[in-house]
Each structure stands twice: as structure tokens, then as C-alpha cells.
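The listed protein sequences correspond, in order, to chains A and B. The numbering used here puts the first sequence at residues 119 to 229. The numbering used here puts the second sequence at residues 1097 to 1206. Single-structure report; data block below.
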Amino acid sequence: EPEVTQTPSHQVTQMGQEVILRCVPISNHLYFYWYRQILGQKVEFLVSFYNNEISEKSEIFDDQFSVERPDGSNFTLKIRSTKLEDSAMYFCASSDWSTDTFGSGTRLTVV
Amino acid sequence: SQKIEQNSEALNIQEGKTATLTCNYTNYSPAYLQWYRQDPGRGPVFLLLIRENEKEKRKERLKVTFDTTLKQSLFHITASQPADSATYLCALVRNNDMRFGAGTRLTVKP
Chain A
119 EPEVTQTPSH QVTQMGQEVI LRCVPISNHL YFYWYRQILG QKVEFLVSFY NNEISEKSEI
179 FDDQFSVERP DGSNFTLKIR STKLEDSAMY FCASSDWSTD TFGSGTRLTV V
Chain B
1097 SQKIEQNSEA LNIQEGKTAT LTCNYTNYSP AYLQWYRQDP GRGPVFLLLI RENEKEKRKE
1157 RLKVTFDTTL KQSLFHITAS QPADSATYLC ALVRNNDMRF GAGTRLTVKP
């Protein structure tokens, strides 16, 4: 069964550093998403991406965040200057409009 | 502001019984609603999608209803099994924006 792949599975970074989280969506999907889940809390929508541009973003997705689809297969989330409160699981998802498939997530720890 | 509420944080039932989970929402008009299963440390796994013009969807032991007047979806698992124990999330979608409820942690006891 097709999968969404996320790397790395764990990332520890110093506060103020930039991080890039990587995702390989399912190949024939056209819609891509990033979510985060702070430990013990609900899954929160960050951003959706379609046709090489952001289609929706939440209030969480401020100027510190950016997304890119640098080639035909990867989808990345960059956090420019990480804060302690950015520590969370970050999930990538892709969709063919009827089914959303999530990756296993990247656990980001900011110290 | 938008609010999505799932009936309870935790639900415990006996194996073989039907589990019923509730998702209520306010100040939102979703085009469709999805239910997901999430196990600890893992990403959500898609279970069912129901559109605003649909009343009911079924898949094996799962059934979802969607009442846009009541602004409520019910999620049923019939003949529940211990392997069904997990957190179940409802998610409301409009355009490309998906908003999740906090989830209900279901425990099915043998």
C-alpha cells in the first residue's frame, strides 16, 4: 500500500536554529499538508499546498514557517528560528481528495 | 470561533458491544467530515469520509452518520474488539483546511 514517508523520525535542535522536515507524499496525490501535534494535545492544521502554492494556512503558520516542493517528489516544512514551543510531532499528509494519508511523523524537540 | 467537540475524552466498553463516539461542531460548515484512528506515537489513519449531502456511510464494522442540522456526526464500531482500542479523531474539512477534534480514547475490554 502506498505510504507517505517522513524524515527524520526524530530531530533535536537548539533554540533559534533552523530545521527542515522532509516528506515524500504518495506519487499521484496532488494535495499536501502539514500538521503538528503537541504531546497530549490535538492534531492541528498548519498548511495545505496545491498546484505549487499554499492554498490554506492556519493562524499557527506564521512567518517562521515555510513550505516548499523543491522537486517532483519532496515536500518540506522549514522552521526558521525554532522556539521551545515548536516541540511537537509534525505530520505530513497527502490526498487524492477523497482519502488523506498521513506519514508516521517527525518528533521535533527544541532544547 | 470554530469549535469541534468529541463527546468524551475516554470511553470504556466491553468486547462485543457497540461503541458510539460523538463529534459536535459549531461555527463551521464543513464540506465533509472524516474519522481517523490514532495509536500512540503514530500518525492518524483514515477510516471513513462522509460528505455534507450524505446521511450515513458504512465500512465493515464501522458506521458514520452526519447531521448538518444538528451539526453532529456519530461514529459506531459494532462487535467491538480489544484491537479497536485507540484514539478516534473526527476532522472537518472545508476547501483545503482540515480541523481536528481532540479525540476520544476508546478502550475495549476483553
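Yeah, the Cβ is synthetic: ideal placement off N, Cα and C, and Gly gets one too.
Let me know if residue i comes out buried or exposed under the rule of 16 or more other beta-carbons within 10 Å of its beta-carbon.
i        : result
W215(A)  : exposed
S1169(B) : buried
T217(A)  : exposed
P1140(B) : buried
R1154(B) : exposed
D180(A)  : exposed
Name the two residues that bound the continuous beta strand (DSSP E) containing residue i.
i        : result
D1163(B) : 1158-1163
A1106(B) : 1106-1110
W152(A)  : 149-155
T217(A)  : Segment: none, T217(A) is in no beta strand (DSSP E) and carries neither H nor E.
T194(A)  : 193-197
L1143(B) : 1141-1147
Do residue i and residue j have their CB atoms nearer than 8 Å?
i        : j        : result
R1103(B) : T1118(B) : A quick correction: the sequence has Asn, not Arg, at residue 1103(B). For N1103(B) and T1118(B), yes; Cβs fall inside 8 Å.
E174(A)  : N1108(B) : no
L1129(B) : A1198(B) : no
A1127(B) : R1147(B) : yes
F1142(B) : K160(A)  : no
F1171(B) : V1160(B) : yes
Give me, in chain order, the residues of the same chain whose beta-carbon lies closer than 8 Å to that of residue i; leave out the 5 immediate sequence neighbours on both sides.
i       : result
T131(A) : V137, T200, L226, T227, V228, V229
I144(A) : P120, E121, V122, S212, D214, T219
Y168(A) : L148, Y149, F150
Skipping 5 residues on each side, what residues in its chain have a beta carbon closer than 7 Å to that of residue i?
i        : result
H147(A)  : S212, S213, D214
P1206(B) : E1111, P1178
A1175(B) : G1112, R1157
D189(A)  : none
S1277(B) : As shown, chain B starts at 1097 and ends at 1206. That puts residue 1277(B) outside it, with no answer to give.
D204(A)  : I197, L226, V228
I231(A)  : Shown here, chain A extends from 119 to 229; a query on residue 231(A) therefore has no answer.
Quickly, what does DSSP pair residue i with across the bridge? List them, please.
i        : result
H1172(B) : T1116(B), K1159(B)
A1187(B) : Q1130(B), F1196(B)
Q1098(B) : Looking at the DSSP assignment, Q1098(B) forms no beta bridge with any residue, so it has no partner.
Q129(A)  : L226(A)
V185(A)  : L195(A)
T123(A)  : V142(A)
S166(A)  : Y151(A), E174(A)
L202(A)  : BP columns for L202(A) are empty, so no partner.
R1154(B) : K1159(B)
L1202(B) : L1107(B), A1182(B)
What does a CB cutoff of less than 6 Å around residue i pick up in its chain, not counting 5 residues either side in sequence?
i        : result
K1099(B) : T1122
R198(A)  : E136, Q182
D1135(B) : A1182
V185(A)  : V165, F167, L195
A1106(B) : R1201
Would you mind telling me which residues of chain C sit closer than 8 Å to residue i, beta carbon to beta carbon, in chain order?
i        : result
L1145(B) : You won't find chain C in this structure, because its protein chains are A and B.
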